[in-house]
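Accompanying notes for the structure given below.
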Amino acid sequence: MSLDDLYQEVILDHFRKPRCQGCLSAPDAAATLFNPLCGDQINLTVKSADNSIQAIAFAGHGCSISQASASMMAHLCQGKTLDEGRALIASFKQMMRGEKQGDDLPELGDAAALQGVRRFSARVKCAMLCWEALEKCITSLAVEKSPEK
Ligand code: ZN
Numbered sequence: 019m020s021l022d023d024l025y026q027e028v029i030l031d032h033f034r035k036p037r038c039q040g041c042l043s044a045p046d047a048a049a050t051l052f053n054p055l056c057g058d059q060i061n062l063t064v065k066s067a068d069n070s071i072q073a074i075a076f077a078g079h080g081c082s083i084s085q086a087s088a089s090m091m092a093h094l095c096q097g098k099t100l101d102e103g104r105a106l107i108a109s110f111k112q113m114m115r116g117e118k119q120g121d122d123l124p125e126l127g128d129a130a131a132l133q134g135v136r137r138f139s140a141r142v143k144c145a146m147l148c149w150e151a152l153e154k155c156i157t158s159l160a161v162e163k164s165p166e167k
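Residue numbers (the working numbering): 19 to 167.
In structure tokens, the structure reads:
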């Protein structure tokens with residue numbers, strides 16, 4: 019089995035058996051993003067306490083890349099601090115821009131399997147959609163938690 023085949027298996031596994039799927043009630047942050055180029059939609063809900071992502075869930079529809087990426091991202095970021103979440107977003111972007119190989123980003127876990135997507139520029143937006151939703155959620159949580167000026 020080649021590395022590409024292995025990565026393909028990981029992506030399909032997340033697409034068929036998505037982790038962290040659903041909608042959290044009374045979330046502390048939420049974001050819904052669309053990718054009109056492909057028709058993907060991701061709705062992300064996050065529960066947060068102590069500057070951490072306590073719980074995270076996604077709902078949506080679209081291509082296998084967009085949904086698998088959301089499953090990987092949510093599974094990976096659950097329980098992480100907001101800073102760790104930001105760092106993971108940055109790592110994923112570096113991988114998508116081709117600045118780093120997925121193999122050099124062990125912190126990305128299963129999401130490293132998406133590195134091949136960058137060869138297909140139209141699909142990068144599919145893979146990035148859920149990470150952009152997470153970025154929005156973390157930004158809104160950080161604003162909420164910052165002390166009054
Ligand atoms: Zn897509």
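Ideal placement from N, C-alpha and C gives every residue a C-beta, glycine not left out. Remember, it's a predicted structure, so these values are computed and weren't measured experimentally.
| Query | Result |
| --- | --- |
| Coarse secondary structure for G127, derived from DSSP in three states | helix |
| Contact test: N53 Cβ vs the ligand ZN heavy atom, cutoff 7 Å | yes |
| beta-carbon Y83 near the ligand ZN non-hydrogen atom, thresh 7 Å | Residue 83 is actually Ile in this sequence, not Tyr. Result yes, Cβ under 7 Å from the ligand ZN. |
| Three-way DSSP call (helix, strand, coil) for F110 in this model | helix |
| Inter-residue spacing [alpha-carbon to alpha-carbon] between S43 and H93 | 18 Å |
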